[in-house]
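There are 2 protein chains.
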Amino acid sequence: MLKKERQAYILHQVNLHNKVLSSSLCTEINVSEDTIRRDLQELSEEGKIIKVHGGALSHSFNEVSFPISGVYSQNQKRLIAQKAISQIQNGMFILTSGGTTIMELARTLPPQLKATFISGSIPVILEYMHHPNIEVILIGDKISKNSKITVGSEAIAKIKQIKPDLCFLGTNAIDAEHGITDNDWEVVQLKKAMIESSKKVICLSIAEKINTVQPIRVCGLSDIDMLITELDPGNPLLKTFVDAGIHVL
Amino acid sequence: MLKKERQAYILHQVNLHNKVLSSSLCTEINVSEDTIRRDLQELSEEGKIIKVHGGALSHSFNEVSFPISGVYSQNQKRLIAQKAISQIQNGMFILTSGGTTIMELARTLPPQLKATFISGSIPVILEYMHHPNIEVILIGDKISKNSKITVGSEAIAKIKQIKPDLCFLGTNAIDAEHGITDNDWEVVQLKKAMIESSKKVICLSIAEKINTVQPIRVCGLSDIDMLITELDPGNPLLKTFVDAGIHVL
DNA sequence: CAGGTTTCTGCGTTTTTTTGCAGGAATACC
DNA sequence: GGTATTCCTGCAAAAAAACGCAGAAACCTG
């Protein structure tokens, strides 16, 4: 088994179960405990997981508070949310993924807006529920505890049955060459289904994530209709996306 | 169980109940009292909790609040939850409704329990998600904002597809003559489906709601397998239910 | 393709962390 | 004031991590 492969497997396990034990990993993959430990070390240095005595935990595990960076990018996300809202019209069916950017969007929705929002993300759904006028549809299935969204074939099947007007996609990484990429296999499956179902796909991303790559591919640039960042559309960082025919806001 | 995990669990318990006893924690997590004490020590040094003789308190507790009105029935509900948990075995598929009694059940689940919980209630699902070992399946559909559960034909169809071992039903009203009744038409539809699907239906109800009636009928007594209240099973108030062949706990 | 270099992996040893236990001190409760 | 918890200290065993090293594999590179 290749090192890269091994680490991808470990990362997948961590994202799936929120924790891994070095001991169980080394019997699963059949390598020495030292190798596992070194892998965990590397993944931890890359910020992908949290290494603890005896194994590792997913980041979301104790991601209760990240006050400093949170506030910092909060303003950027608010700006993105504003731009995104300008694309919404009354009566629309809107499918959204999870993530903090979408959370900000949910919080920022104008109270008089009347629309139907569909999502499988629990935190996002909670935000939508506070809104006085929108209808909320929840996609059901098994809940992935670390990403706090519903994942699985049922969820995907349900998404394929609907045809929303808009799809807002929070992104983990977007790159001119590799398109949108992510690090959780199940989340990627969902996003793929969301993109396929929707009439129009709008990708929300803070500038920090532009030109970054994650291990698993979600879709190419051609599948995206619009890209919203906190930057000015004329910013040179965005030129490649404009050139690719994406409407950049 | 990893140290971080344990501490996260403790922290969650503290934030939930505003206090924890070292003695009860050490039986719950199954470690020595010293370990718990050291964990509390560390968490206290990090400022996450306030350590006191015999356990720890939440920060918010210290400020003003002496337990408000809820506590009275909270204790009753906790007792009900305890009894309910005695009916759960590892590996079971368990369908639950919403409501505060079920919330208490969700909060009280022992951390080492491994089971699959299915529900359409958002607050209950949030509780389940905090649990380290259980699988959580969310029933999706349109969200009813006032009852905070998913309602509609999709949800009902999904419930009919499953065959859980147990169904815990929070009740609004139960009466010897009219059986279980409720006041929300959509919730009633769901509960009916839940009862129909489940191998065993366990009804949770505080004594206050016994012999009360609501406008819409959910089911008759014959559909219930077990009734759990905070009262002693021998209590005269429960006699009619025992006579009706219901196992009263 | 041959030779050299870098990277990766497993093993033995040492060091650190974690955990439980025992006995005495401190504290709460009656 | 006496008794029963609870707490702290030191200690020891077990588990895990870190470290150094050497063989093996992969990877340049000319």
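Note that the protein sequences, when read in sequence, are chains E and A.
For the first sequence, my numbering gives the first residue as -10, with consecutive numbering after it.
For the second sequence, my numbering gives the first residue as -10, with consecutive numbering after it.
Think of the CB as a built atom: it goes at the ideal place given N, C-alpha and C, for glycine as much as any other residue.
These numbers come from a predicted model, not from an experiment.
Can you list, in chain order, the residues of its chain with a C-beta nearer than 6 Å to that of residue i? Leave out the 5 residues immediately preceding and following it.
i, result
"PHE55(A)", "A caution first: PHE55(A) carries a pLDDT of 45, below 50, which makes its placement in the model too unreliable to give a value."
"ALA70(A)", "GLU93, LEU94, THR97"
"LEU127(E)", "ILE114"
"LEU29(A)", "LYS40, ALA45"
"SER110(E)", "GLY87, ILE138"
"HIS167(A)", "VAL202"
Which residues in chain A have a C-beta closer than 8 Å to the C-beta of residue i? List them in chain order.
i, result
"ASP154(E)", "Here the premise fails: no neighbours, minimum Cβ distance about 17 Å."
"LYS180(E)", "Under the 8 Å cutoff, chain A gives no residues; its nearest Cβ is about 17 Å from LYS180(E)."
From what residue to what residue does the beta strand (DSSP E) around residue i run?
i, result
"ASP23(E)", "Careful: ASP23(E) lies outside any beta strand (DSSP E), inside the alpha helix (DSSP H) at 22 to 34."
"THR170(E)", "168 to 171"
"SER186(A)", "Note, SER186(A): premise wrong, no beta strand (DSSP E); alpha helix (DSSP H) at 174 to 186."
"VAL202(A)", "Careful: VAL202(A) lies outside any beta strand (DSSP E) and carries neither H nor E."
"LYS189(E)", "Premise fails: LYS189(E) is in no beta strand (DSSP E) and is neither H nor E."
"LYS40(E)", "38 to 41"
"LEU238(E)", "No beta strand (DSSP E) contains LEU238(E), which DSSP labels as neither H nor E."
"ILE83(E)", "82 to 85"
Within the same chain, show all residues whose beta-carbon is closer than 8 Å to that of residue i, passing over the 5 residues directly before and after it, in chain order.
i, result
"GLU175(A)", "SER133, SER136, VAL140, GLY141"
"LEU0(A)", "LEU32, LYS37, ILE38"
"SER21(A)", "CYS15"
"MET118(E)", "VAL125"
"THR229(E)", "ALA165"
"GLY129(A)", "GLY109, THR139, GLU143, ALA144, LYS147"
"LYS198(A)", "THR160, ASN161, ALA162, ILE163"
"LYS8(E)", "GLY44, ALA45, LEU46, SER47, PHE50"
"LYS180(A)", "SER86, LEU158, ILE169, ASP171, VAL207, CYS208"
What in chain E is Cβ-close to residue i, meaning under 7 Å?
i, result
"GLU124(A)", "LYS131"
"LYS147(A)", "GLY129"
On the DSSP letters alone, give me the boundaries of the alpha helix (DSSP H) that residue i sits inside.
i, result
"MET215(E)", "No alpha helix (DSSP H) contains MET215(E), which is instead part of the beta strand (DSSP E) from 215 to 217."
"ILE(-1)(A)", "-8 to 6"
"LEU14(A)", "11 to 18"
"PHE50(E)", "No alpha helix (DSSP H) contains PHE50(E), which DSSP labels as neither H nor E."
"LYS228(E)", "228 to 232"
Hey, out of the options, whose CA is closest to residue i's CA?
i, options, result
"LEU220(A)", "LYS66(A), MET183(A), LYS40(A)", "LYS66(A)"
"THR218(E)", "ILE148(E), VAL237(E), CYS208(E), LYS188(E)", "VAL237(E)"
"ILE191(A)", "ILE74(A), ILE39(A), ALA45(A)", "ILE74(A)"
"PRO121(E)", "LEU102(E), ILE114(E), GLY109(E)", "LEU102(E)"
"VAL3(A)", "CYS15(A), VAL20(A), LYS37(A), THR16(A)", "LYS37(A)"
"SER108(E)", "ALA144(E), ASN79(E), THR90(E), ALA(-3)(E)", "ALA144(E)"
"GLN78(A)", "ALA104(A), THR90(A), THR170(A)", "ALA104(A)"
"THR16(A)", "SER110(A), ASP212(A), ARG(-5)(A)", "ARG(-5)(A)"
"SER62(E)", "GLY129(E), THR90(E), HIS42(E), ASP130(E)", "THR90(E)"
"PHE106(A)", "GLN76(A), SER13(A), SER47(A), CYS156(A)", "CYS156(A)"
"GLY234(E)", "ILE213(E), ASN224(E), LYS152(E)", "ILE213(E)"
"LEU5(A)", "THR24(A), GLU116(A), PRO100(A)", "GLU116(A)"
"MET215(E)", "ILE205(E), ASN200(E), SER194(E), ILE18(E)", "SER194(E)"
"ILE151(A)", "GLN178(A), VAL177(A), GLU185(A), ILE123(A)", "GLU185(A)"
"GLU35(E)", "ASN224(E), SER211(E), LYS131(E), ALA(-3)(E)", "ALA(-3)(E)"
"PRO100(A)", "LEU210(A), ASP232(A), ILE18(A)", "ILE18(A)"
Listing by chain order, which chain E residues have their CB less than 8 Å from the CB of residue i?
i, result
"LYS(-8)(A)", "VAL41, HIS42, GLY43"
"ILE91(A)", "Under the 8 Å cutoff, chain E gives no residues; its nearest Cβ is about 17 Å from ILE91(A)."
"THR139(A)", "LEU127, GLY129"
Measuring only from the beta carbon, is residue i closer than 7 Å to any heavy atom that is part of the ligand COA?
i, result
"GLU219(A)", "With respect to the ligand COA, the structure offers nothing, as it holds no ligand at all."
Note down, in chain order, each residue of its chain lying with its Cβ closer than 7 Å to the Cβ of residue i, except the 5 sequence neighbours on either side.
i, result
"ASP154(E)", "MET81, PHE82, ILE83, LYS188, LYS189"
"GLN203(E)", "ASN161, ALA162, THR170, ASP171, ASN172"
"ARG26(A)", "SER11"
"ALA182(A)", "ILE145, ILE148, LYS149"
"ALA196(A)", "THR218, GLU219, LEU220, LEU226"
Name, please, each residue of chain A whose Cβ falls closer than 9 Å to the Cβ of residue i.
i, result
"ILE114(E)", "ILE111, ILE132"
"LEU46(E)", "LEU(-9), LYS(-7), GLU(-6), ALA(-3)"
"LYS289(E)", "Given a span of -10 to 238 for chain E in the structure shown, any question on residue 289(E) remains unanswerable."
Below 7 Å on C-beta distance, what does residue i contact in chain A?
i, result
"LEU98(E)", "Here the premise fails: no neighbours, minimum Cβ distance about 14 Å."
"PHE50(E)", "ALA(-3)"
"LYS103(E)", "Under the 7 Å cutoff, chain A gives no residues; its nearest Cβ is about 14 Å from LYS103(E)."
Along chain E, which residues have their Cβ under 9 Å away from the Cβ of residue i?
i, result
"MET118(A)", "ILE111, ILE132, LYS134, LYS137"
### Message
At 3 residues or longer, what runs of the beta strand (DSSP E) sit wholly inside the segment 94 to 163 of chain A?
### Response
Counting only runs of 3+ residues, the beta strand (DSSP E) found wholly inside the segment 94 to 163 of chain A occupies 105 to 108, 124 to 127, 130 to 133, 138 to 140, 155 to 159, in chain order.
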